[in-house]
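Residue numbers for the sequence shown follow this note's numbering, so the first one is 2 and each next one is one higher. Virtual Cβ for every residue (Gly too), placed ideally from N, Cα, C. One structure is given here, and the rest of the page talks about it.
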Amino acid sequence: MSNLVEVLNLLGALALFIYGMVVMSGSIQRLTGSRMRRAVGRVTRKPERAYLAGLTLTGVLQSSSAISVIAVSFAQVGLLRLSEAYFLMLGANVGTTVTAWLVALTISKPSLGGLALPLLAFALPLMFFKRRRTRTLGEAIIGFSLMFVGLGLLKEGVPPITEAGLAGFLDFFNVGGIGSILGAVLIGILTTIALQSSSAVMALVITLAAGGVVTEFTGAAVILGANIGTTSTAILASLVAGREARRVAAVHFLLNAVGVALFLPLLQPVLDLVRWFLEPGGVFLGGIGVFLALFHTLFNVIVTGVFGLFPKPILWMARKLVPGEGVRDFRSPLVAASAMDAPELQVLEAQREAEHHHELGVKMMGELETMMAQVDPTKRDRSSDRVGELRSLSGRYESELKAFLERLARGKISGATYRQVQFLLEWSTEISQVVELLHVFMEVQIDRERNEVFFAPKQRTRLVSMLGELTLGMEAMGPLNGPTVLGRKSARDHLNQVELHLSSANVIREQMRTKHLEDARKGRYSVESGMTFNEMGNLLEEIGLRLGILASKYEEIFMASSLKR
């Protein structure tokens, strides 16, 4: 029983460290939120700037997962090219070494609580300020303090584990054979995937090594595995994304996996090099924590240096892994946000899926235009089947997005993030309504053909013209749901485009009403044809109203709030 308690104590200490890191990272992300996303969009146009952005942001946020999610999301909406995301990931790999140094330089302190308590004393008064940003800063400092507390408890928990003989199974990995090396790498991969944090794995490995539980060799192998495991977040985020976003995730994986594969045969010589550097004159400078932190840094610096100078092989492999130049097929929605991510970054995931939902609606309009102009019954049936599939998928997008956003809204989010969540809820609702109206439009069209109710060429032309203007209006709405909030001028330009196309659709609708009465009076088509024509026109008019409502909601939520500020 006492052995179980010792294990739970160690796991609880690790959990406190992770929780502190989540609180600190989440608070910093709330403080920087939209500014960080705008900064990434601005500074990544040159390789050196993208590299420095990845390094700096990862060092500050203590989360390479956050940067990988941003890279995948930005690539999905076209704000990051593959080559730009490549150098952003390189910088993030080096930036993530900050945690290793933080742990290595503090693990040898006699009392980590002596570092944490003064910080807590400083942070507590900040929590009572009325200003949200001040309270968030206090939360960040408290999270940083909890990391130290968790680290101290980890340090205290290792000796009892060792004395109880519970770490004996690790002896297999300390013998240094090929099997033990690969086993340690696998442990690093699986533990990082489970914890969704390579920083937590680093803290655990350095603490165990400092307690004599694992050797330098085994610790280094686990660290290499953690570098591969940390790519799982980007892979998960890209599962249902577009081609470029999946390539970004492939780049992140290949950088680390190929780097580890190249390093493993040279692991012992590299460790000897690190030891030589830390032992000038035969005197060992620093403990094993510093040794492993330096190894981690050396690995990432060498890998990023080599692949930074020679980017083409990794980019080539990523394009081979995710081939194709065509438009991706629509897949089932998946809002894949890591629990380590702050709400501001989880919104990026929701925006990505909302963009898919919007693309689905635009695609559906295109299928209906094709269907209206198609003479071949087989091709018409194929288009109608496609529209039915898209409508079914739209329902899944709406339900998953709403459930995710409602959970997100119940959490602690900034005012800017709340406005984005509010708009995304409106977006999902109205896009779903548009999709339903398009499906009804298709059913009326199918019933017309089945009942042999014929349209005159002018009737078909007017319907197709109105549908075309609505499609252009729908496409113009896309940038309103971007990963960054548009400036007032840019937002106004897009809203004006939407209004222009909706006005053109309304003009066509008025012409349809006028001509319909005139043509019906002159007997140019049957009563059934006129009634069906009018019903389809009403459906298109309702679609225009829905798009207008969505544009008004954007103006109400974002434009009005910026005026108040």
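Would DSSP call residue i helix, strand or coil?
i	result
residue 25	helix
residue 240	coil
residue 415	coil
residue 354	helix
residue 132	coil
residue 219	helix
residue 233	helix
residue 504	helix
residue 452	coil
residue 144	helix
residue 337	Residue placement at residue 337 is flagged as unreliable, the pLDDT there being 48, under the threshold of 50; the coordinate-derived value follows with that caveat. DSSP places residue 337 in coil when its eight states are reduced to three.
residue 328	Any reading at residue 328 must be qualified, since the residue scores a pLDDT of 34, below 50, and its modelled position is unreliable; no value is offered.
residue 214	coil
residue 364	helix
residue 284	Low confidence applies here, because residue 284 scores a pLDDT of 49, under 50, leaving its location unreliable; read the following figure in that light. Note: residue 284 maps to coil in three-state DSSP.
residue 47	coil
For residue i, which residues from the same chain have a beta carbon less than 8 Å from its beta carbon, with the 5 sequence-adjacent residues on both sides left out?
i	result
residue 534	456, 460, 464, 513, 517 and 526
residue 406	351, 422, 425, 426 and 429
residue 436	361, 362, 365, 391, 392 and 395
residue 130	136 and 139
residue 447	385
residue 9	none
residue 472	363, 366, 367 and 370
With hydrogens ignored, establish whether the beta-carbon of residue i is closer than 7 Å to any heavy atom of the ligand ZN.
i	result
residue 425	This structure lacks the ligand ZN, and indeed carries no ligand of any kind.
Residue i lies in the alpha helix (DSSP H); which residues open and close that run?
i	result
residue 270	268-279
residue 88	83-96
residue 544	528-555
residue 404	378-410
residue 375	Unbroken run through residue 375: none, as it is neither H nor E.
residue 589	Coverage of the chain is limited to positions 2 through 566, which leaves residue 589 absent and any answer about it impossible.
residue 179	179-196
residue 201	199-211
residue 315	313-322
residue 458	458-478
With a CB to CB cut of under 7 Å and the five nearest residues on each side skipped, what residues in its chain are close to residue i?
i	result
residue 503	474, 545, 548 and 549
residue 326	Legend: pLDDT at residue 326 = 47, less than 50; position of this residue unreliable, value from coordinates given subsequently. Excluding sequence neighbours, residue 326 sits near nothing in its chain.
residue 466	509
residue 557	none
residue 301	94, 95 and 98
residue 449	533
residue 507	545
residue 330	For residue 330, the predicted model reports a pLDDT of 45, less than 50, meaning its position is unreliable; a value from the coordinates is still stated below. Nothing meets the Cβ criterion.
Less than 8 Å separating the beta-carbons of residue i and residue j?
i	j	result
residue 192	residue 202	yes
residue 104	residue 204	yes
residue 182	residue 223	no
residue 278	residue 271	no
residue 584	residue 555	Because the chain is modelled from 2 through 566, residue 584 falls outside the range shown and cannot be assessed.
residue 348	residue 418	yes
residue 91	residue 309	yes
residue 315	residue 267	no
residue 373	residue 445	no
residue 443	residue 369	yes
residue 530	residue 454	yes
residue 207	residue 274	no
residue 219	residue 185	yes
residue 387	residue 559	no
residue 28	residue 141	yes
residue 179	residue 229	no
Given residue i, which residues of its chain have a CB within under 6 Å of its CB, disregarding the five upstream and five downstream residues?
i	result
residue 371	384
residue 298	98
residue 239	73, 246, 247 and 250
residue 499	474, 477, 478 and 552
residue 438	540, 543 and 544
residue 410	422
residue 146	117, 120 and 121
Got a sec: is the Cβ-Cβ distance from residue i to anything in chain B below 8 Å?
i	result
residue 491	This model lacks chain B altogether, as it is built from one protein chain only.
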